[in-house]
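Notes follow once the structure below has been shown.
Residue numbers (my numbering), protein chains in the order written: chain A, 1 to 354; chain B, 1001 to 1404.
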């Protein structure tokens, strides 16, 4: 078992105004579209205009989230940068494919090729901070952030005196969205954010984008936002209640010791059953909180779920629009986050207030 | 301080332009037979213009060799990866159904891009190839590999440009040391694609001829395709099963150059820090290193800055052990490079031989260092292998000889 890591700062760019100081998911932006691009902060707060102009969306969102996390933690830099991204810098990838298909053999602009590289967001953070330490990027589909978080746990166990930036980022593309549509991933039937869950079931997800980063270390400090006790992934699993109960056993926890569970309901009636199963069996009676119905679906939305969990610890109050089932718990000390995407890439994060 | 116990390497598998398995790769290396030539399989404008390290097997043939039904969607990187990983697992003799926790950590930069670029317009127009749509993300191929190889435990994918596979190897070792895995199948894969060939060509670092690593007149790289995987095991696990390791992984390090998106800093800061970290972790001195398998892409910037980093670590040209880049054999295989060169490093330890750096006739004047240009037999106990990538990502791995 690996030691918990304390989170000292968090930053989030998403389709909600999560970048606003003290945002607590009480006022929500509503959308009636699919896909939903991020609600942009003023990136110039952290990125000089000349550099900003050359940066793609992933790099912007990642730097903004990382710098916000550092600011909250009261730090200028970190010793390592560890990122997850399901699809990397998608827009530049599309741009370079389109250019080469149209003009192969002519002199092509290399910038989209360079910036299509999957590690560009983590590299841009390092460059922005002058951080020469360990720098890693995981591309494990909807478990990309969980891999990054696991690496952060291992890294801090190896370097107990250091602090790392760990996070996840994913951006929307244009052509790729058409491919998703052909593949049947997207919701057509009156897509809406917040997505009504349960009432009128329909297939498809609402694709969003965003970035969340965290400053983590082994030191509890005075004002840690919380600690990540465990993170696990299961690429393929038939019954979520089986691996969740094994997960709880391994951490010597009874389900009743969980104060609330964040579930990745996204309104896709083909796959939401995975959550319903645990909601009605293993975790019955525990307050259920949703996040994808307000943040949309993307590979690293799990990072934003962790951001939300930390905000809940601070406020000790679950906004009504997020509470799917159950009543306000008396106290929020321990939250379990469970997500999967299209029946695969199941991920669990156990996060505690103290 | 005692170094942590070394990680046992018990299996290896490789497929590249110089061989379809590890033994064939070794034969080509000792016979100085490179695999660089014109493009024959990939459909691109650059077909008769640029040279590559291509694996002369079609996708259809790979499907058949791996016994995959023709109607299923596997991209070339994944097919190559499955062939190489299967060889590594067979060599290690591991059974994924036993009680040990086996992980799969794979690296790729191309992922399913070769299918995406081929069907980019076709997907919209016709149904025929749409089953390839889900293959695009880098993580997808690893998931297919896990199913094919029967790995039910931890799986993940790393993409840090040209250092990707070195980082996958490093994570496997770290997870074993952290007690999270008993063994790990680690490595990387990248097939040739129009995306990468045009990308490096647009950066004007693609050689019009054979690449010349560490030569004064080097004029860029040749891309290659490859997949290479190693089986890492906790040393006590290898011992319990009376397996004699092929070699040990004793050190590793990753650092960031934090200088520029593509170019390395003049003094090779990232590479320097990575090598230093690997040496410290293994508790070895620079003078303990007997051979360096350099990154040596043959771009003007890489070889100069990597050379400066080597001189910083080893302090003088005279103190620098024999070094070579094997990229003139295989081409630069991107996310596979760190793993294929890890295997070459293990082969160097097993056979006590330093591989030649081909095509270098005039060493870089400003560095005063000369790569090993001919195959040489010598006593080798420790090998350092560098992998450096876009975004300043710099990694070094340190391999040590297994006891006789």
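For glycine and all other residues, C-beta sits at the position ideal for the given N, C-alpha and C.
Cβ-based burial, residue i [other Cβ within 10 Å; buried from 16]
{"i": "residue 1001 of chain B", "result": "Confidence in residue 1001 of chain B is poor, its pLDDT being 48 and thus under 50, which makes the residue's placement unreliable; the coordinate value appears in the next sentence. By the neighbour-count rule (16 or more Cβ atoms within 10 Å), residue 1001 of chain B is not buried but exposed."}
{"i": "residue 1160 of chain B", "result": "buried"}
{"i": "residue 246 of chain A", "result": "exposed"}
{"i": "residue 1127 of chain B", "result": "exposed"}
{"i": "residue 223 of chain A", "result": "exposed"}
{"i": "residue 143 of chain A", "result": "buried"}
{"i": "residue 1204 of chain B", "result": "exposed"}
{"i": "residue 174 of chain A", "result": "exposed"}
{"i": "residue 1302 of chain B", "result": "buried"}
{"i": "residue 273 of chain A", "result": "exposed"}
{"i": "residue 1113 of chain B", "result": "buried"}
{"i": "residue 353 of chain A", "result": "buried"}
{"i": "residue 1359 of chain B", "result": "buried"}
{"i": "residue 1134 of chain B", "result": "buried"}
{"i": "residue 1361 of chain B", "result": "exposed"}
{"i": "residue 4 of chain A", "result": "buried"}
{"i": "residue 90 of chain A", "result": "buried"}
DSSP-derived helix/strand/coil call for residue i
{"i": "residue 1347 of chain B", "result": "helix"}
{"i": "residue 1221 of chain B", "result": "strand"}
{"i": "residue 1040 of chain B", "result": "coil"}
{"i": "residue 47 of chain A", "result": "coil"}
{"i": "residue 1071 of chain B", "result": "coil"}
{"i": "residue 1277 of chain B", "result": "helix"}
{"i": "residue 275 of chain A", "result": "helix"}
{"i": "residue 105 of chain A", "result": "coil"}
{"i": "residue 1045 of chain B", "result": "coil"}
{"i": "residue 93 of chain A", "result": "helix"}
{"i": "residue 338 of chain A", "result": "strand"}
{"i": "residue 1355 of chain B", "result": "coil"}
{"i": "residue 123 of chain A", "result": "helix"}
{"i": "residue 256 of chain A", "result": "helix"}
{"i": "residue 1236 of chain B", "result": "helix"}
{"i": "residue 1376 of chain B", "result": "strand"}
{"i": "residue 322 of chain A", "result": "coil"}
{"i": "residue 1001 of chain B", "result": "Note that residue 1001 of chain B scores a pLDDT of 48, beneath 50, so its modelled location is shaky; the value from the coordinates is reported in the next line. Coil."}
{"i": "residue 10 of chain A", "result": "strand"}
{"i": "residue 1251 of chain B", "result": "strand"}
Listed by chain order, chain B residues near residue i by CB distance under 7 Å
{"i": "residue 179 of chain A", "result": "1123 and 1133"}
{"i": "residue 131 of chain A", "result": "1256 and 1258"}
{"i": "residue 147 of chain A", "result": "1156"}
Where residue i meets chain A, residues with beta-carbon distance less than 9 Å
{"i": "residue 1268 of chain B", "result": "Neighbours of residue 1268 of chain B on chain A: none; closest Cβ ~12 Å, over 9 Å."}
{"i": "residue 1314 of chain B", "result": "By Cβ distance, chain A contributes nothing, its closest Cβ being about 20 Å from residue 1314 of chain B, past 9 Å."}
{"i": "residue 1235 of chain B", "result": "The contacting residues do not exist; residue 1235 of chain B stays about 18 Å from chain A at best."}
Run of the beta strand (DSSP E) containing residue i, from where it starts to where it stops
{"i": "residue 1115 of chain B", "result": "Element bounds for residue 1115 of chain B: not the beta strand (DSSP E) but the alpha helix (DSSP H), 1113-1119."}
{"i": "residue 314 of chain A", "result": "Where residue 314 of chain A is concerned, there is no enclosing beta strand (DSSP E), although the alpha helix (DSSP H) it sits in stretches over 301-315."}
{"i": "residue 1233 of chain B", "result": "1226-1233"}
{"i": "residue 1014 of chain B", "result": "1007-1015"}
{"i": "residue 352 of chain A", "result": "344-352"}
{"i": "residue 1064 of chain B", "result": "No beta strand (DSSP E) contains residue 1064 of chain B, which is instead part of the alpha helix (DSSP H) from 1059-1065."}
{"i": "residue 1104 of chain B", "result": "1102-1107"}
Residue range of the alpha helix (DSSP H) that includes residue i
{"i": "residue 217 of chain A", "result": "That residue, residue 217 of chain A, is in no alpha helix (DSSP H); its beta strand (DSSP E) goes 210-217."}
{"i": "residue 1026 of chain B", "result": "1022-1030"}
{"i": "residue 1402 of chain B", "result": "Counting along the chain, residue 1402 of chain B falls outside any alpha helix (DSSP H), and DSSP gives it neither H nor E."}
{"i": "residue 292 of chain A", "result": "292-295"}
{"i": "residue 1087 of chain B", "result": "1076-1092"}
{"i": "residue 248 of chain A", "result": "240-250"}
Chain-ordered chain B contacts of residue i [CB-CB under 9 Å]
{"i": "residue 231 of chain A", "result": "In chain order: nothing, as chain B lies at least about 11 Å away."}
Per-residue contacts from residue i into chain B (C-beta, under 8 Å)
{"i": "residue 209 of chain A", "result": "Those do not exist, as residue 209 of chain A stays about 15 Å from chain B at its closest Cβ, beyond 8 Å."}
{"i": "residue 126 of chain A", "result": "1256, 1258, 1391 and 1392"}
Partners in chain A for residue i, counting only beta-carbon separations shorter than 7 Å
{"i": "residue 1329 of chain B", "result": "Within chain A, no residue comes near residue 1329 of chain B; the closest Cβ sits about 25 Å away, beyond 7 Å."}
{"i": "residue 1077 of chain B", "result": "The contacting residues do not exist; residue 1077 of chain B stays about 13 Å from chain A at best."}
{"i": "residue 1100 of chain B", "result": "Per Cβ cutoff of 7 Å: no residues; residue 1100 of chain B is ~17 Å from chain A at best."}
Chain A residues whose Cβ lies nearer than 8 Å to that of residue i
{"i": "residue 1191 of chain B", "result": "Those do not exist, as residue 1191 of chain B stays about 16 Å from chain A at its closest Cβ, beyond 8 Å."}
{"i": "residue 1138 of chain B", "result": "88, 118 and 139"}
{"i": "residue 1044 of chain B", "result": "104"}
{"i": "residue 1167 of chain B", "result": "136"}
Partner residues on chain D for residue i, Cβ-Cβ distance less than 7 Å
{"i": "residue 1178 of chain B", "result": "You won't find chain D in this structure, because its protein chains are A and B."}
4-residue-minimum alpha helix (DSSP H) runs that sit fully inside the stretch 1132-1218 of chain B, ordered along the chain
1138-1149, 1164-1177 and 1194-1202
Which residue spans inside the stretch 137-218 of chain A form an unbroken beta strand (DSSP E) run of at least 3?
163-170 and 210-217
Go through the stretch 1254-1337 of chain B residue by residue and report every complete run of the beta strand (DSSP E) that reaches 3 residues or more, in order.
1291-1293
Which runs of the alpha helix (DSSP H) spanning at least 4 residues fall entirely within the stretch 16-85 of chain A, listed in chain order?
49-54 and 57-73
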